[in-house]
Amino acid sequence: DTGVSQDPRHKITKRGQNVTFRCDPISEHNRLYWYRQTLGQGPEFLTYFQNEAQLEKSRLLSDRFSAERPKGSFSTLEIQRTEQGDSAMYLCASSPNRDGYTFGSGTRLTVV
Amino acid sequence: SQQGEEDPQALSIQEGENATMNCSYKTSINNLQWYRQNSGRGLVHLILIRSNEREKHSGRLRVTLDTSKKSSSLLITASRAADTASYFCATDETLTGGGNKLTFGTGTQLKVEL
């Protein structure tokens with residue numbers, strides 16, 4: 002297991018299009034998190050899964066955002082009707098406990 | 006919203022020197038964690054210090070925590086060019102189901118020059 006994988010690494014999309022990102026966590030980790038990071042800022046929490054259950058969602062996660070983790074394995078984050086303000090790095094992380102996350106390399110989204 | 010603020014925002018030092026970064030936060034914490042981020046990459050967990058600890062070491066890293074002042078510092082000794090990165094502190098908050106939500110500061114950009 003080589004860590005947390007995110008796909009794609011980069012995505013350029015036109016405003017109004019839908020995009021979907023995938024995260025493959027470390028297989029033994031039952032906790033999975035999505036964060037968003039804009040330039041010059043620290044990451045901001047979006048949502049949290051314990052196995053397949055989505056237990057927490059940030060107010061940052063508008064109705065256009067949806068996340069799933071079917072069968073408690075990989076997770077997807079979908080953004081519908083993208084806006085320029087959605088341009089950011091989307092980071093996925095997993096952990097087996099509360100003592101530190103393992104982050105993926107992120108998906109950089111550019112909305113033009 | 007950002008919980009903490011790192012100070013300085015940017016730091017440039019020569020290889021071999023020590024680098025000190027400070028973090029202040031606003032609310033009571035369970036733990037405080039430090040992460041490193043190389044340009045355009047994900048974050049790497051460096052060290053966690055619990056609220057009842059005052060100092061912790063890991064290799065060339067030393068972290069202190071002062072809960073009365075709501076502040077923490079990260080010291081990197083004998084810096085190397087490979088230490089060039091952004092460094093973030095993060096406080097954590099327990100979530101439903103036992104997970105923890107991290108609230109990050111704005112980061113310190115460290116540049117170590119040869």
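So the sequence lines, in the order shown, correspond to chains C and A. Per the numbering used here, the very first residue in the first sequence carries number 2; after that it's consecutive. Per the numbering used here, the very first residue in the second sequence carries number 6; after that it's consecutive. All residues carry an ideal CB built from backbone N, CA and C; glycine is no exception.
The residue among A:SER91, A:ARG41, A:GLY104, A:TYR30 with its C-alpha nearest the C-alpha of THR113 (chain A) is A:SER91.
Sixteen is the threshold: since fewer than 16 other Cβ atoms of the shown chains lie within 10 Å of the Cβ of ALA54 (chain C), the residue is exposed.
For SER28 (chain C), there is no enclosing beta strand (DSSP E), as DSSP gives it neither H nor E. Contact residues of the segment 37-58 of chain A toward chain C are GLN38, TYR40, GLN42, GLY45, ARG46, GLY47, LEU48, VAL49, HIS50, LEU51, ILE52, LEU53 (C-beta to C-beta distance below 9 Å).
In the three-state scheme derived from DSSP, where H, G and I count as helix and E and B as strand, LYS31 (chain A) is classed as coil. The segment 36-48 of chain A makes contact with the segment 95-111 of chain C; the number of CB pairs closer than 8 Å reaches 3 or more. According to the DSSP assignment, GLU79 (chain C) belongs to the beta strand (DSSP E) that extends over 76-80. Taking the beta carbon of ARG37 (chain C) as reference, no residue of chain A falls within 8 Å; the closest one sits roughly 11 Å away. Contact note: ASP97 (chain A) reaches chain C through ARG99, using a C-beta cutoff of 8 Å and chain order. At a cut-off of 8 Å between beta carbons, GLN42 (chain C) contacts chain A.
Here the alpha carbons of ASN23 (chain A) and LEU80 (chain A) stand approximately 7 Å from one another. Within chain C, the residues TYR34, PHE46, TYR49, GLU57, SER59 have their CB atoms less than 9 Å from the CB of LYS106 (chain A), given in chain order. Residues of chain A with a Cβ closer than 9 Å to the Cβ of LEU92 (chain C) are, in chain order, GLY47, LEU48. Looking at the DSSP output, SER95 (chain C) sits in a beta bridge with C:LEU33, C:THR103. Within chain C, the residues GLY41, GLN42, GLY43 have their CB atoms less than 8 Å from the CB of THR111 (chain A), given in chain order. Residue contact with chain A for SER28 (chain C): absent (no Cβ-Cβ distance below 8 Å to any residue of chain A). Here the C-alpha atom of VAL113 (chain C) lies approximately 47 Å from the C-alpha atom of GLU58 (chain A).
Segment contact: the segment 97-115 of chain A against the segment 26-45 of chain A, three or more CB-CB distances shorter than 8 Å; contact assigned.
Between LEU61 (chain C) and GLU45 (chain C), the C-beta gap is smaller than 8 Å, which places the two residues in contact. In this structure the segment 72-85 of chain C lies against the segment 15-27 of chain C, because at least three pairs of beta carbons, one per stretch, are closer than 8 Å. DSSP places LYS75 (chain A) in the coil class of the three-state scheme, outside both helix and strand.
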